[in-house]
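> Pasting a structure here, questions to come.
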Amino acid sequence: MLHDRVLVAVDSEAGERRSSGGILIPATAEMGGKRLAWSKVISVGANVRTVEVDDRVLFDPEDKAEVEVHGKVYVVMRERDIHAVAADRLGDSPTGLYL
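Numbering-wise (my numbering), the sequence shown opens with residue 158 and increments by one.
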């Protein structure tokens with residue numbers, strides 16, 4: 158990766174999901190408002206400062222550039238487009254997140 162770019166693996170959509178109250182939400186249900194997505198970092202450019210390989214990042218899937226490599230779909234984005242980082246190395250944080 159070059160400069161401030163981050164390559165992430167697209168998480169496969171689980172389809173059905175459960176709400177915090179335990180209600181089953183079918184895959185065909187429409188979500189109101191924006192929904193951010195978590196993905197695993199595969200590679201980072203030389204100028205990326207806050208993200209490392211194997212971190213999980215939160216980003217807006219509406220603002221993504223997809224690329225297919227050897228049959229797998231990845232997303233390329235700028236570091237500034239990442240909303241949050243989740244990593245084990247952030248152990249001193251009560252949430253494990255770097256926001």
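We put the CB at the ideal spot given by N, CA and C, even for glycine.
If we define contact as Cβ-Cβ less than 8 Å, is H227 a contact residue for chain D?
Given the protein chain composition of this structure (a single chain), no chain D is represented.
> For the beta strand (DSSP E) holding K229, just list the boundary residues, first then last.
Element bounds for K229: 229-235.
> Considering only residues of the same chain and omitting the five flanking positions on each side of V129, which have a CB-CB separation below 7 Å?
Limits of the chain in this structure are 158 at one end and 256 at the other, which puts residue 129 out of reach.
> How would you call A171, buried or exposed, if buried means at least 16 neighbouring beta carbons within 10 angstroms?
In this prediction, A171 has a pLDDT of 47, which is less than 50 and means its spatial position is unreliable; what the coordinates show is noted afterwards. The residue in question, A171, is exposed, as its Cβ has fewer than 16 Cβ neighbours within 10 Å.
> Measuring from the CB of V230, is there a heavy atom of the ligand HEM at a distance below 7 Å?
The ligand content of the structure shown is nil, which means the ligand HEM is not present either.
> Is the CB-CB distance between D168 and S196 below 8 Å?
Yes.
> By the 10 Å Cβ neighbour count, where 16 or more other Cβ atoms means buried, how is V165 classified, buried or exposed?
V165 is buried by the Cβ-count criterion.
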